[in-house]
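Heads up, the sequence shown is in the numbering used here, so the first residue is 52 and it goes up one at a time. Note that CB positions come from ideal geometry on N, CA and C, so glycine has one too. Accompanying notes for the structure given below.
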Amino acid sequence: MSKSLNPPKVPHTVISFPHPHVVLVTLNRPEHLNALQRQMSFDLDRLWKWYDNEPSLRCAIITGTGRAFCAGADLKEWNVKNSEGNVKDVEKWAENGFGGLSNRHGKKPIIAAVNGLCLGGGMEMILNLDMVIASETAKFGLPEVKRGVVAIAGALPRLIRTVGRQRASEVALLGRMYSAQQFFDWGIVNKVVKLEDVVQEALKWAVEMSDNSPDSIIVSREGLLGGWEAEGPRDSTNRIDGGFIRAWKVVII
Numbered sequence: 052m053s054k055s056l057n058p059p060k061v062p063h064t065v066i067s068f069p070h071p072h073v074v075l076v077t078l079n080r081p082e083h084l085n086a087l088q089r090q091m092s093f094d095l096d097r098l099w100k101w102y103d104n105e106p107s108l109r110c111a112i113i114t115g116t117g118r119a120f121c122a123g124a125d126l127k128e129w130n131v132k133n134s135e136g137n138v139k140d141v142e143k144w145a146e147n148g149f150g151g152l153s154n155r156h157g158k159k160p161i162i163a164a165v166n167g168l169c170l171g172g173g174m175e176m177i178l179n180l181d182m183v184i185a186s187e188t189a190k191f192g193l194p195e196v197k198r199g200v201v202a203i204a205g206a207l208p209r210l211i212r213t214v215g216r217q218r219a220s221e222v223a224l225l226g227r228m229y230s231a232q233q234f235f236d237w238g239i240v241n242k243v244v245k246l247e248d249v250v251q252e253a254l255k256w257a258v259e260m261s262d263n264s265p266d267s268i269i270v271s272r273e274g275l276l277g278g279w280e281a282e283g284p285r286d287s288t289n290r291i292d293g294g295f296i297r298a299w300k301v302v303i304i
């Protein structure tokens, strides 16, 4: 099945299909700790939209090569643009944010397989993903305050919703690094595994999801996002109904 698929090309990224219903996206700039150049966010945004509209795919995984998952934005590129007076060019975001993920709503689930350093924009991405599998050696953080910049791609409000104001303030205002185990304890990471197992574990979860009803996954996820985006439980349920729940009741009656 994967042989007939034609995903958009994304530079410095390896796209593979380890299962008929799963796409694996691997960031591949290890010499730059998989920091994303500005254009990569736009290219990845197109890829995730393609994934949402490809009927054979039901789950996606994103990971990185080398010792980093993603170290955030390519600050060297930003510095060059800044010196040229073209800061506005790098301040523009893809429609769905950093990596096409930090503000993505989307239709289908995406799992992060965090293999190593997950900093800045990398954190902004995983905080908006559906599930996070992390290696026991992974490190997380929002070091922006140590560099005189700000996490503005969506991480701050999402961090508060996940871990509460005090812990979110610790992460965002101190700029510290955190272990995978710490983030597991705080509810950001779903499972911690050995480095060599991180992608395979994420694939297990993706395949398990893919074995479920794709329509149920999409609608259930939409309901979850209603709560995530501060929508009331009743409004969220009513919104995702759209005849689906009524039809389901008719079937079981």
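Asp96 sits buried, since 16 or more C-beta atoms from the chains shown fall within 10 Å of its C-beta. With contacts defined by Cβ atoms closer than 8 Å, Glu175 and Ala206 form a contacting pair. Between His63 and Leu78, the alpha-carbon positions lie close to 6 Å from each other.
For Pro208, the uninterrupted alpha helix (DSSP H) segment begins and ends at Ala206 to Val214. DSSP, read as helix, strand or coil, puts Pro69 in strand. With fewer than 16 other CB atoms across the displayed protein chains lying within 10 angstroms of its CB, Ser55 is exposed. Around the C-beta of Gly123, 16 or more other C-beta atoms lie within 10 Å, and the residue is accordingly described as buried. Distance between Val65 and Ala119, taken at the CA atoms: about 15 Å.
In this structure Lys190 is buried. Its beta-carbon is surrounded by 16 or more other beta-carbon atoms within 10 angstroms. Put simply, of His83, Arg212, Trp279 and Gly171 the residue whose alpha carbon is nearest the alpha carbon of Val196 is Gly171.
In the same chain as Ala253, and ignoring 5 residues on each side of it, the C-beta atoms closer than 6 Å to its own belong to Ile112, Ile162, Ala164 and Ile184, in chain order. Under a 10 Å Cβ-count criterion, Asp236 is classified as exposed, with fewer than 16 other Cβ atoms of the shown protein chains found around its own Cβ. Contact between Phe149 and Ala204 is confirmed by a C-beta separation of about 4 Å, below the 8 Å threshold. DSSP lists Leu78 as the beta-bridge partner residues of Gly115.
For Leu170, the uninterrupted beta strand (DSSP E) run begins and ends at Leu168 to Leu170, by DSSP. According to DSSP, residue pairing for Val243 in a beta bridge involves Ala185. Around the beta carbon of Ser186, 16 or more other beta carbons lie within 10 angstroms, which makes this residue buried.
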